[in-house]
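*Asks:* Protein chains in written order, with this note's numbering: chain A, 15 to 342; chain B, 15 to 342. Even glycine gets a Cβ: it sits at the ideal position worked out from N, Cα and C.
2 protein chains.
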Amino acid sequence: MRVPYDQLKAEFERVLMSLGISFDIAQKCATVFADNSRDGVQSHGLNRFPVFVQYIKEGLVNPHAMPTLTGSLGALEQWDGNLGPGMLNAGFCMERALLLAANNGIGCIALKNTNHWMRGGTYGLQAAEAGYIGLCFTNTTANMPPWGGTEPRLGNNPLVIAIPKAGGHVVLDMAMSQFSFGKLGQYQNDQKPLPVAGGYDHDGNLTTDATAIKQSRRALPIGFWKGSGLSIVLDLLATVLSGGNSTASISQSGKKETGVSQVFIAIKTDAEKNAELINEIITYTKSGETIEGQEILYPGENMLRTRKQNLTQGVWVDNEAWDKLLSL
Amino acid sequence: MRVPYDQLKAEFERVLMSLGISFDIAQKCATVFADNSRDGVQSHGLNRFPVFVQYIKEGLVNPHAMPTLTGSLGALEQWDGNLGPGMLNAGFCMERALLLAANNGIGCIALKNTNHWMRGGTYGLQAAEAGYIGLCFTNTTANMPPWGGTEPRLGNNPLVIAIPKAGGHVVLDMAMSQFSFGKLGQYQNDQKPLPVAGGYDHDGNLTTDATAIKQSRRALPIGFWKGSGLSIVLDLLATVLSGGNSTASISQSGKKETGVSQVFIAIKTDAEKNAELINEIITYTKSGETIEGQEILYPGENMLRTRKQNLTQGVWVDNEAWDKLLSL
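What follows is the structure, given as structure tokens:
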């Protein structure tokens with residue numbers, strides 16, 4: 015079914031305020047969840063909201079916590095998220111990175127003790143909306159084996175890169191696993207094979223069977239050994255720069271995923287001056303022959319289409335998830 | 015066969031000086047080529063050297079050119095490589111990024127009009143040797159179709175991330191294609207299938223046949239649509255930040271690959287203070303069960319083994335490539 019954006023957001027606000035959260039904070043959190051559903055990222059919008067509420071109830075997310083500065087050197091700062099809402103901490107840190115970039119050309123914030131930021135693209139878009147290049151990444155609990163191994167020891171550590179562009183920003187938002195667990199679940203529910211191999215089955219063979227992958231716990235890193243390596247270095251960067259928890263310590267804490275580490279970088283750029291270069295790149299990329307029935311898109315292009323449709327026709331929501339929200 | 019490191023380097027120097035290049039510049043270039051072979055990256059060491067010489071002879075690389083500053087804002091600078099040797103321009107720019115990072119915590123250099131930097135890992139190692147985190151990437155000529163397309167429109171745009179670590183730095187050096195053209199050629203020569211699918215055959219089926227991939231010109235991006243998206247954003251970043259040539263303009267120039275754009279970022283860190291965190295991450299990553307006959311390595315670990323062997327026993331070189339060097 016479809017629900018007007020404002021109604022969806024108001025429901026999120028209602029639930030959060032019922033937990034004793036101030037209107038200001040409830041509104042900020044609700045906006046992120048509503049925007050994520052609006053942009054077609056259900057897995058980190060409506061569908062994830064009950065988990066966020068549960069985390070607050072269990073005391074894993076402190077909705078009243080604010081980030082505090084722990085270190086600073088010119089255009090590089092360290093902040094402690096004090097286990098506050100991940101979306102608010104992340105939004106705050108990208109804002110700080112933008113301020114540092116305004117003054118220094120580039121700004122870098124490392125954040126520790128924060129919580130799941132939901133959709134990483136949110137903070138890339140935030141930078142692009144302000145006219146800056148945005149780059150950010152997070153570590154996660156272990157959910158993928160390293161190359162050569164069979165047990166989860168790496169996070170899928172999403173990486174986000176955004177470039178401001180008139181008519182729709184370029185926003186890449188990609189986890190290091192070929193498919194997210196949300197996507198695997200979706201293919202399971204639809205009883206469809208994955209479009210490409212997404213992991214290994216119990217016998218160590220590459221498979222497009224989402225159920226087999228979830229059972230073996232052997233999700234595939236993008237590019238095999240390459241995504242495995244990129245996951246390791248992103249965890250190293252986030253942990254070392256923030257002095258926070260690594261995928262190792264998050265996974266071994268015995269708790270649900272909390273207290274993760276993140277990095278936010280903003281770089282000054284002149285979107286107007288660069289419009290021609292950006293257009294040249296996108297036009298050339300799209301200029302080749304396409305596979306029948308497919309098209310060539312820049313990262314973020316399809317999201318914009320979904321957003322437009324959801325704003326015109328109402329945000330598409332899963333019936334069951336919507337009913338659950340109303341019942342909270 | 016194996017050749018002592020010093021002999022290999024001296025041969026590179028001899029050839030370069032025979033082209034009228036000063037000892038200082040010849041020595042710097044020779045060191046990069048010799049180091050690359052020493053670290054097992056033949057494709058950008060000895061095997062690539064004749065191409066570099068040819069580029070100088072054709073005037074595509076100006077061995078006497080020095081980079082010039084074109085723009086500056088705090089910790090962000092733009093430089094013009096003036097089509098000088100790519101390795102010298104890249105080394106200069108990472109050095110500049112390190113200086114900016116020393117003063118500002120982070121430094122970012124965008125470089126235009128430069129040439130192939132050979133092995134990107136060289137500049138990551140440079141930062142790590144100085145005790146800094148290094149991150150750099152380059153665009154290239156189009157050599158890979160975008161997701162949904164069948165004709166090369168993207169570069170494989172290598173990305174390098176290095177983290178200083180006692181006992182061997184962590185250095186990730188990865189192109190956006192699953193296999194480099196050097197690697198495809200190697201499997202062709204050995205008449206062996208690739209270990210995983212590396213592209214599409216003429217009929218659009220994924221294949222491990224290197225010859226079929228070279229014929230179709232459809233190399234596979236890492237992670238399918240994900241590596242395609244990452245390649246686009248890296249090209250956008252390098253082009254927009256430097257104001258230089260994009261993969262589009264490099265490919266459409268009608269010339270061999272020259273005048274590429276690159277970005278170098280250095281970040282201050284305290285390797286000693288972070289030793290425990292780094293050790294925790296690597297130990298945990300390696301702690302899981304392994305696939306029979308495989309081991310779990312951190313990026314850069316295997317390179318270090320190769321380096322030690324090549325320094326002890328002499329640098330392994332291809333007989334034919336060595337004879338060619340001697341004849342230059």
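Identify every run of the alpha helix (DSSP H) within the region 68-143 of chain B, keeping only runs that are complete inside it and at least 4 residues long; order them along the chain.
*Replies:* With a minimum length of 4 residues, the continuous alpha helix (DSSP H) runs that stay inside the region 68-143 of chain B are 100-118, 135-143.
*Asks:* Below 8 Å, can you find three or more Cβ-Cβ pairs linking the region 68-76 of chain A to the region 99-108 of chain B?
*Replies:* These segments do not touch.
*Asks:* So, does the CB of Phe238/B fall closer than 8 Å to a CB anywhere in chain A?
*Replies:* It does; some Cβ of chain A falls within 8 Å.
*Asks:* Could one say the Cβ of Lys155/B lies closer than 8 Å to chain A's Cβ atoms, at least one of them?
*Replies:* The question names Lys, yet the displayed sequence has Thr at residue 155/B. No - not a single Cβ of chain A is within 8 Å of the one on Thr155/B.
*Asks:* Of all the CB atoms in chain B, is at least one closer than 8 Å to the CB of Asn118/A?
*Replies:* Yes, contact with chain B.
*Asks:* Going by DSSP, name the residue or residues bridged to Met158/B.
*Replies:* Per DSSP, Leu168/B.
*Asks:* If we cut at 8 Å on Cβ distances, does Arg52/B have a partner in chain A?
*Replies:* Arg52/B does not count as touching chain A.
*Asks:* Between Pro18/B and Gln56/B, what straight-line distance do the alpha-carbon atoms span, to the nearest angstrom?
*Replies:* Each residue's Cα considered, the two are about 15 Å apart.
*Asks:* In the structure shown, what three-state DSSP assignment does Leu244/B receive?
*Replies:* Here Leu244/B sits in helix by DSSP.
*Asks:* In the DSSP assignment, find the unbroken alpha helix (DSSP H) run with Ala289/A in it and report its ends.
*Replies:* Unbroken alpha helix (DSSP H) run through Ala289/A: 285-299.
*Asks:* Using 8 Å for Cβ pairs, my map puts Thr261/B next to Asn96/B. What's the rounded Cβ distance?
*Replies:* Contact flag wrong, Cβ pair sits at about 21 Å.
*Asks:* Looking only at C-alpha atoms, which of Gln41/A, Ala40/A, Ile279/A, Pro160/A sits nearest to Leu173/A?
*Replies:* For Leu173/A, the nearest C-alpha among the options comes from Ile279/A.
*Asks:* Which residues in the same chain have their Cβ closer than 7 Å to the Cβ of Ala156/A, if we skip the five residues on either side of it in sequence?
*Replies:* Pro166, Arg167, Leu168, Gly169, Thr261, Ser265.
*Asks:* Flag Cys122/A as yes if its beta-carbon sits less than 8 Å from any beta-carbon of chain B, otherwise no.
*Replies:* It does; some Cβ of chain B falls within 8 Å.
*Asks:* With burial defined as no fewer than 16 other Cβ atoms inside 10 Å of the residue's Cβ, what is the status of Leu149/A: buried or exposed?
*Replies:* So Leu149/A ends up on the buried side.
*Asks:* Which residues in chain A sit within 9 Å of Ala44/B, going by Cβ to Cβ distance?
*Replies:* The contacting residues do not exist; Ala44/B stays about 29 Å from chain A at best.
*Asks:* Verify the CB distance criterion: does Val65/A have a CB-CB separation below 8 Å to chain B?
*Replies:* With 8 Å as the cut-off, Val65/A does not count as an interface residue toward chain B.
*Asks:* Quick one: list the residues of chain B neighbouring Gln276/A, beta-carbon separation under 7 Å, in chain order.
*Replies:* Near Gln276/A there are no residues of chain B at all, since even the closest Cβ is about 15 Å away, more than 7 Å.
*Asks:* Pro207/B versus chain A: which residues are under 9 Å apart at the beta carbon?
*Replies:* Within 9 Å Cβ-Cβ: nothing; Pro207/B doesn't reach chain A, min ~14 Å.
*Asks:* Below 7 Å, is the gap between the Cβ of His58/B and the nearest heavy atom of the ligand ADP?
*Replies:* This structure simply doesn't include the ligand ADP, nor any ligand for that matter.
*Asks:* Using 8 Å as the limit for Cβ to Cβ distance, is Pro172/A near chain B?
*Replies:* It does not; no Cβ of chain B falls within 8 Å.
*Asks:* Any beta carbon from chain A within less than 8 Å of Leu318/B's own beta carbon?
*Replies:* Leu318/B does not count as touching chain A.
*Asks:* Give every residue of the same chain whose Cβ lies closer than 6 Å to the Cβ of Phe47/B, excluding the five residues on either side of it in the sequence, and list them in chain order.
*Replies:* Same-chain partners within the cutoff: Phe26, Gly59, Phe63.
*Asks:* If you run the structure through DSSP and keep just helix, strand and coil, what is Ser191/B?
*Replies:* Here Ser191/B sits in strand by DSSP.
*Asks:* Under DSSP, the beta strand (DSSP E) around Gln276/A begins and ends at which residues?
*Replies:* Element bounds for Gln276/A: 274-281.
*Asks:* Give the residues of chain A in contact with Arg167/B, contact being defined as C-beta atoms less than 7 Å apart.
*Replies:* Those within 7 Å of Arg167/B in chain A are Tyr298, Thr299, Ser301, Gly302.
*Asks:* Ile292/B to Val254/A, Cα distance in whole Å?
*Replies:* Taking the straight line joining both Cα atoms gives about 7 Å.
*Asks:* Compute the Euclidean distance between the alpha carbons of Leu33/A and Ala24/A, then round it to the nearest angstrom.
*Replies:* In a straight line, the C-alpha of Leu33/A is about 15 Å away from that of Ala24/A.
*Asks:* Residues of the region 182-215 of chain A in Cβ contact with chain B at a cutoff of 7 Å, in chain order, please.
*Replies:* Listed in sequence order: Val184, Leu186, Met188, Gln192, Val210.
*Asks:* Would you please verify whether the beta carbon of Thr222/A is less than 8 Å from any beta carbon of chain B?
*Replies:* Cβ-Cβ to chain B under 8 Å: no for Thr222/A.
*Asks:* Can you tell me which of the three DSSP states Pro235/A falls into?
*Replies:* Three-state result, Pro235/A: strand.
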